[in-house]
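Residue numbers (our numbering): 222 to 377. Positions of the beta carbon are idealized from the N, C-alpha and C atoms, including for glycine. Report on one structure; see the data block that follows.
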């Protein structure tokens with residue numbers, strides 16, 4: 222039950238912060254910020270806010286500084302809209318989703334290249350032994366005698 226309340230409170234905080242950031246802050250350092258997730262502790266006293274910033278690493282750093290400086294104002298905004306006794310403290314954490322997605326895309330590209338290389342090798346590959354390495358059953362003629370050379374050697 223506590224997990225449900227944490228999730229509901231986290232979702233509500235995410236919506237409140239996203240709406241406030243959409244209206245804009247008076248900080249020119251703030252770039253295009255997207256709130257991806259909010260996780261609230263079990264005692265509902267602390268909220269970790271995960272966000273991503275579209276842009277260069279310098280813009281990401283500037284947006285992080287802007288969010289740190291606006292934390293108090295954003296917390297009071299959250300407190301106005303939540304009906305809880307204590308407003309949770311906010312901690313803004315850059316989300317690693319874009320970096321992880323880039324890394325996964327690179328791994329998939331490398332796997333495709335390796336698969337293509339293996340397919341190229343397999344198309345020109347030949348068997349290491351005989352063309353048909355499987356043992357075939359003996360064929361018998363109408364008299365019931367074996368038709369292969371081993372049967373003739375055994376009779377001698």
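Check, Outcome
"Report the three-state DSSP secondary structure of residue 236 (helix, strand or coil).", "helix"
"Can you tell me whether residue 231 is buried or exposed? The criterion is at least 16 other CB atoms within 10 Å of its CB, across all chains shown.", "buried"
"Identify, in the order they occur along the chain, each residue of the same chain with its Cβ nearer than 6 Å to the Cβ of residue 372, setting aside the five sequence neighbours on each side.", "With a pLDDT of only 48 at residue 372, under 50, the local geometry of the prediction cannot be trusted, and the value read off the model is given with reservation. Nothing listed; no residue qualifies."
"Does the distance from the CB of residue 254 to the CB of residue 284 come in under 8 Å?", "yes"
"Taking the straight line between their C-alpha atoms, what separation do you get for residue 266 and residue 311?", "9 Å"
"Please classify residue 307 as buried or exposed, where buried requires at least 16 other C-beta atoms within 10 Å of its C-beta.", "exposed"
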